[in-house]
Structures are given as structure tokens and as C-alpha cells.
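So the sequences go chain by chain: A and B. Start counting at 1 in the first sequence, then tack on 292, and there's your number in this note's numbering. Start counting at 1 in the second sequence, then tack on 145, and there's your number in this note's numbering.
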Amino acid sequence: MSQAQALILNMFEQGCLFAFLGLGVLITFRFFRFPDLTAEGSYPLGGAVAAALLVAGMNPFLATLGAILAGAAAGLATALIHTKLRINNIIAGIIVMTALYTINLRVMGKANTPLLNTPTVFGDVAGWFSLPENVLTTIPIAAAMLGIGGLLLIWFFHTDLGLAVRATGQNETMALSLGVNVDRTKMVGLALSNGFIALSGALVAQNHGFADIGMGIGILVTGAAAVLIGEAIFGDRTIAVWVFAAVVGVLLYRLLVALALRLGLEPIDLRLVTALLLLLALAVPRFRRRILR
Amino acid sequence: MMLELHGISTTFLRGTANAVKALDDLSLSVAPGDFLTIIGSNGAGKSTLIKSIAGLVPPDEGRVIFEGRDITRLPVHARAAAIGRIAQDPAESTCAVMTIEENLAMAAMRGQTRGLRLAVDARGRARFRAALAPIGLGLEARLSARVGTLSGGQRQALALLMATISGSRLLLLDEHAASLDPKTAEIVMALTARLVEERKLTTLMVTHNMQDAIRWGNRLLMMHAGRVLFDARGTEKAALSVPGLVARFHEVAEDRTLLAG
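See the structure below:
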């Protein structure tokens, strides 16, 4: 396998796993228009819960489902703090993120849980077709899961409840005067968002072979960068385009990071690269508008 | 009575040096089918009155009774099934990033539980087209256009439909035509009058336009300093003229100021 091929395959594999993070961040960052820091805790929570359940011998699908539910509960906690105690949504996210650090350690019982001898969803599904678990089987499995997740999200945002969730983020006064219980829609939106984010953490942990307490650090910025890169390319359009753009954004983000490493940068330089990508993604749409004018 | 306000008072920034008394022991009874136009100077409390009824600004004192039920502390969303409100800013009553049909679908679900049913289906589209066509703005052909691409007048017309589509009984209009050019304002006012008539809506309309206040409705309320200065009905209202209204306003406002001094 040539270096370029390996690079592309790695981009698709990691991209499909991180894309769930992109979809989760899309909901809070774009529809609710605030950076939800719960992600920094719910992403490793997904990894921790899946790892703990797998080590305890649970079926990988149920372990992954457990991770999703745990993430949704984390989002619900942030929403409850924000709506019932009237605490600013960013602060509410920070509070839950902080609490989750301890919870994640408690769930795993240690800072790092290896998953070398446990089954994974990828291994199980590949096994159905008598195939080994490797990058060539992981990509179609992760892509199929992503397709299902993306379609479910698009469908949800076209239902009565989904419209109410969107309207809550975009125009809360209108939502209220149209009879939407915005406290409830915020809970639904944040639970959904963090469920997706925790799913991403659970899949990444299974793919990488470990869950780590530090795996969520900077994850919100990663998700936001992906959403913004997607937007810079596709513009701000329909829900379907938005979801698709977030996925493409994650893939591109992974590709750019992989390229940066190939160019001789070290892992410690990645945050700087991420910051520059974020800046670029924010500046490009403005620049483009100026050219069109 | 459809709506009764009993001695409602609202003070903004209460307990500070900048405290403003927006509503001062205001009482009002509105019968079913009444169409009140409300005028008054800036800071008279017109908007606060509308917001107290809509639930956006619960009064400090007093009670709001709607159809015999005390709704003083009822949350905004719980009143929405029966009460529609449109503000001056088109951005407040419609959602710019959603399409026309999505906005209407949201409005149509007022007062019902929102579940996992597709919000816009063929039947809904047919219903929305039929509701939009009589407005004559061509919106029925643009159901999937984003509301942000519409003009202010088109957005207010849409907001009117949204406020009335699901069977609201009370319509609150807070200078809903004030930000529009005169011609568009005229179209929106004509649509307002038609919808109010057709659906037998009880209506409170705040306006800066004295001509409109005299022309529309069966009652005219003039407010000043959080109180109702006068309440003209029937033949008394029909006899009003703009100069007469201005003169009357000065007369009563000065009396009050003298008394207060």
C-alpha cells in the first residue's frame, strides 16, 4: 500500500468515526448557536462507558448503545442546569464538562482502559461477512453507520418536534409564541447532540483499542472546525446540505491534520494547526463574499 | 368577557434610580369580537400591555383573566394555542432560516403535542397554498423558499397567517405594520382586517398611525403613563378625527400632568 493510499484510507476511517462528533457539534454550535462544552466531557464519557461495558463482557452493540445513552444524559444535565436554574448555557456546559472528568475516571476506574482483547462493533460486523477487522472493513461499516445516523438526523429535523428544536435555537421568542415549550426542546436538542458525540467517542475507543481520560481535550474545537470547514465549502443551506457539509468538513479536517503530520510537523504542533484551520474556515466565507461583490 | 385585566402594574428596573412605571394600575375589559386600536406616546405602556397579555412580561401586580381563567403567571407557550401575537420587527414573528412551509407547519401545531411526524406533507402544503393564495403576494408559489429571502411586508403577512392558522381566538398586534412602507402597510392592514373579520378574532392592535386607529376596530384606547386616558366606543369612536384626537390627547395629558405635579 502506497503512502498516499494509506493517508486516504486513514482519512476515511478516522473521518467516518469523528463525523458523529461533527453532527453532534452541528446541533449545538449551529442550530442552538452556542459552543457546548459538554462535548469535552461527553466524548470521553462515550469512550469510557463503552470501554467499561466491553471489559465487563457486554455485547459491543449494547455497550455502544450504553455510551449513547450516557452522552444523552450528560446533554440533558447541561440543559437542565441551563433551563431550570437559568444559568448561562456556556457555563452550564463547563459545569457538566468538569463533573464528567471525575465521572469518566470513576466509570473506567483508571485513566486509560485498553480494549485489545474485547470484541468491537467493527469486528463483530466484519465477522458476519467472515472478514477480518481492518481499515478496509472498518470504513464501509463506519460509513454505513454514519449514513444511517445522518439520515435519521435529517429526518428528525423535518418532524414537528425537530422543527420546534430548530426554531428554539434560531428564534426563541417565535418558538415560545407558537406554543413551543423551549425548555423541553433544549433538553431534546442537547441530549441528541451529546448522544451523537458520545457515540463518536465510543467508536473511536473501539477503533483505537483504548479509552483515555484525555481523549476529549480540545474535541469541541475539532468539531467546530469541521462544521466551519463544511460551511466554508457548501455555504449555509438546507438541513441535508448542512449535515453533509459537516461530514465532509470532518473528512477534510482529518486529511489536513494527516497532511500536516506528513509535512514533518509533530503531534504537539497539531493544536496550532487546528487553530489555523479554524481561522481559515472562518475567514474564507467572508473573503469569498468580498470577491463575489 | 373574553379578556379582563384587573389593576395590573409593571415597573421596569424596580428598586433602582432608573425605575420606570410602564403600567400603572390598569384595568380593561374586552368582549368577544372587540377590535381595540391602541394609541399613545412613546413609553405610554402600549407594548408592555400587549406583552402582559401574551405572558412575555408578567405584571408585578394585578390579574389577567382570559376566558374566565386566571393566566397571570401562565408561561408564554401555554397561552399560544389561544393567543397570537405579532411584533413590529418581522424577524421576531417568523424564522428566517426556515422555509415558508416550515414556518406555517410550526404555527399549525400550536397547542398540540409535537411528535415525530413529518412536519410538512402534501396535505399540509395544499392547506398552506390555499391559505397563502388570497393574500395576493405570490407566496403560495414559494413554499420552500427561506423566509429570510422575503420582504418585510411579505414576512408580516406570513406572520399574520401564522398567528391565525390554528384557531387562535385573541390576536395581539404590536405595531405590526409600523416598519413597512405605506403601500405595504396598507396591504398588511387590509389582510389583518380580513382575517379578523373572517375568523371572528378578538383583537388588540397597537399603532402609531392615528388614521389607522380611527379607521379600524370598534374601540379606540388612548394610553399615557401606563394608564388608559380614554376608551372610545361605537358612535363616539366613529366621530373621532385625527386633529380631534391630538387635541384630546393634549388636554387629558396636561390635566394628568397638572394633577400629578
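C-beta atoms are modelled at their ideal positions from N, C-alpha and C, and glycine is treated no differently. None of the values given here were measured: they were computed from a predicted structure.
{"Query": "Pull up the DSSP beta-bridge partners for B/T348, would you.", "Result": "B/F180, B/L316"}
{"Query": "Quick one: what's got a C-beta closer than 8 Å to A/Q462's C-beta in the same chain, skipping five residues either side?", "Result": "F323, R325"}
{"Query": "For the ligand FAD, any of its heavy atoms closer than 7 Å to the Cβ of B/S238?", "Result": "No copy of the ligand FAD appears in this structure; indeed no ligand is present at all."}
{"Query": "Take the Cβ of A/P424 as the centre, count every other Cβ of all protein chains shown within 10 Å, and call the residue buried at 16 or more, exposed below.", "Result": "exposed"}
{"Query": "Please identify, using Cβ separations under 7 Å, the residues of the stretch 228–254 of chain B that lie next to chain A, in order along the chain.", "Result": "R230, E237, S238, T239, C240, V242, M243, E247, A250, M251, A252, M254"}
{"Query": "With DSSP as the reference, label B/T337 as helix, strand or coil.", "Result": "helix"}
{"Query": "Which residue wins for smallest C-alpha separation from A/L468, given the options B/V391, B/A252, B/V397?", "Result": "B/A252"}
{"Query": "Starting from the N-terminal side, write out each stretch of the alpha helix (DSSP H) that is 4 residues or longer and does not extend beyond the stretch 433–488 of chain A.", "Result": "452–462, 464–469"}
{"Query": "Give me the Cα-Cα distance between A/S492 and A/I531, rounded to the nearest whole angstrom.", "Result": "21 Å"}
{"Query": "Check each residue of the stretch 159–190 of chain B: if its Cβ is closer than 9 Å to any Cβ of chain A, include it; give the result in chain order.", "Result": "none"}
{"Query": "Spell out a yes or no on whether the stretch 254–261 of chain B and the stretch 283–299 of chain B are touching, meaning 3 or more CB-CB pairs, one atom from each, closer than 8 Å.", "Result": "no"}
{"Query": "Run the CB neighbour count on B/S172, radius 10 Å, all protein chains shown included, and call it buried at 16 or more, exposed below.", "Result": "exposed"}
{"Query": "With 16 as the cutoff for other CB atoms within 10 Å, does A/K478 come out buried or exposed?", "Result": "buried"}
{"Query": "So the beta strand (DSSP E) B/N248 belongs to, where does it begin and stop?", "Result": "Element bounds for B/N248: not the beta strand (DSSP E) but the alpha helix (DSSP H), 245–253."}
{"Query": "Can you tell me which of the three DSSP states B/G406 falls into?", "Result": "For B/G406, the predicted structure reports a pLDDT of 43, less than 50, and the residue's modelled location is therefore unreliable. A value from the coordinates is still provided. B/G406: coil per DSSP, three-state reduction."}
{"Query": "Thinking just about the alpha-carbon of each residue, which of B/A176, B/R360, B/L316, B/G269 is nearest to the one in B/G212?", "Result": "Just to set this straight, residue 212 of chain B is Glu in the shown sequence, not Gly. Checking every option, the nearest Cα to that of B/E212 belongs to B/A176."}
{"Query": "Which one of B/T155, B/G178, B/R344, B/L336 has the shortest CA to CA distance from B/S197?", "Result": "B/T155"}
{"Query": "Going straight from the alpha carbon of A/I446 to that of A/S334, what length do you get?", "Result": "22 Å"}
{"Query": "Quick one: what does DSSP say A/R585 is sitting in, helix, strand or coil?", "Result": "Bear in mind that the predicted position of A/R585 carries a pLDDT of just 46, short of 50, making it unreliable; the figure below should be weighed with that in mind. In the structure shown, A/R585 sits in coil (DSSP, three-state: anything other than H, G, I, E or B)."}
{"Query": "Can the beta-carbon of B/I359 be found less than 8 Å from the beta-carbon of B/L385?", "Result": "yes"}
{"Query": "Distance cutoff 8 Å, beta carbons only. Does B/L374 sit that close to anything in chain A?", "Result": "no"}
{"Query": "I'd like the list of long-range same chain contacts for A/P411, defined as Cβ closer than 6 Å, with 5 residues on each side in sequence excluded.", "Result": "P352"}
{"Query": "Give every residue of the same chain whose Cβ lies closer than 8 Å to the Cβ of A/N404, excluding the five residues on either side of it in the sequence, and list them in chain order.", "Result": "F502, A503, D504, I505"}
{"Query": "Who pairs with B/G185 in a beta bridge, going by DSSP?", "Result": "B/M368"}
{"Query": "For a quick check, are the C-beta atoms of B/L346 and B/L306 less than 8 Å apart?", "Result": "no"}
{"Query": "Does B/A225 come within less than 8 Å of chain A when only Cβ atoms are used?", "Result": "yes"}
{"Query": "For the putative contact between B/L288 and B/L303, defined by C-beta atoms under 8 Å, what is the C-beta separation to the nearest angstrom?", "Result": "At roughly 11 Å, the Cβ-Cβ gap does not stay under 8 Å, so B/L288 and B/L303 are not in contact."}
{"Query": "Tell me whether A/G314 sits in a helix, a strand or coil according to DSSP, three-state version.", "Result": "helix"}
{"Query": "Would a C-beta distance cut-off of 8 Å place B/A227 and B/R314 closer than the cut-off?", "Result": "yes"}
{"Query": "Is A/F310 buried or exposed, if buried means 16 or more other CB atoms sit within 10 Å of its CB?", "Result": "buried"}
{"Query": "Name, going along the chain, the residues of the stretch 331–360 of chain A whose beta-carbon falls closer than 8 Å to a beta-carbon of chain B.", "Result": "none"}
{"Query": "Along chain B, which residues have their Cβ under 9 Å away from the Cβ of A/H450?", "Result": "E247, L263, A264, V265"}
{"Query": "Exposed or buried, which one is A/T375 when buried takes at least 16 other CB atoms within 10 Å?", "Result": "buried"}
{"Query": "Hey, quick one: how far does the alpha helix (DSSP H) through A/G333 stretch, first residue to last?", "Result": "331–347"}
{"Query": "Give me the subset of the stretch 478–497 of chain A whose CB atoms are less than 8 Å from a CB atom of chain B, sorted by chain position.", "Result": "none"}
{"Query": "Can you give the beta carbon distance from B/L168 to B/V209, rounded, assuming they're within the 8 Å contact cut?", "Result": "About 11 Å; that fails the 8 Å criterion."}
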